[in-house]
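Heads up: the sequence shown is residues 2 to 120, going by our numbering. By construction, the Cβ of each residue, glycine as well, lies at the ideal position given by its N, Cα and C atoms.
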Amino acid sequence: MENNMRRQLSLVASLIAIFISYRNAMHPPGGVRPAEGENLQWAGQSILAAIYPDEYVIFLILNTVCFFSSVSVCLLLLSGFPLTSRFSSWLLSIAMCIILTTFGMTCMLAIDMTRLSSN
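The structure is reproduced here in structure tokens:
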């Protein structure tokens, strides 16, 4: 019973991280430049990428690691990988720590960039 509950909670946590990190990639914090007038060269570019290029690259790296770690955990759990051995439990724990750490850092960086851009 405990093994099944752990599997379900991990799957739910991973799915939440997947959806949020995917949303962050498709709709970046701060928005994107609109397509206005004749100059469409920068249309669709993230506004924060233009203002804070170095921080935005870090944001994208953390968001990508969070996304792919979450997808990996979901695939691992959905494939029926047995969680009865110590190694598989350890692997799942490490992956969840990576997901939570990169997710938290992504959120903190997004908040920091949007807070800085409003000053």
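>> In the DSSP output, which residue or residues are listed as bridge partners for Ser-47?
In response: Paired residues: Val-33.
>> Taking the beta carbon of Asn-5 as the centre, do at least 16 other beta carbons fall within 10 Å, making it buried, or is it exposed?
In response: Burial check for Asn-5: the Cβ neighbour count within 10 Å stays below 16, so the residue is exposed.
> What distance in whole Å lies between the Cβ atoms of Val-66 and Thr-103, which are believed to be in contact at a cut-off of 8 Å?
Replying inline: About 5 Å separates the two Cβ atoms, so the contact holds.
>> Measuring CB atoms only, is the stretch 81-94 touching the stretch 4-24, in the sense that at least three cross pairs come out at less than 8 Å?
In response: The stretch 81-94 makes contact with the stretch 4-24; the number of CB pairs closer than 8 Å reaches 3 or more.
> Alpha carbon to alpha carbon, what distance is there between Ala-26 and Ser-86?
Replying inline: If you take the alpha carbons of Ser-86 and Ala-26, they lie about 35 Å apart.
> Under a Cβ-count criterion, where at least 16 other Cβ atoms within 10 Å of its own Cβ denotes burial, should Phe-68 be classed as buried or exposed?
Replying inline: Taking all protein chains shown into account, Phe-68 has 16 or more neighbouring C-beta atoms within 10 Å of its C-beta and is therefore buried.
> On the three-pair Cβ rule with 8 Å, is the stretch 15-23 touching the stretch 72-81?
Replying inline: In short, these stretches touch, since the Cβ pair count reaches three.
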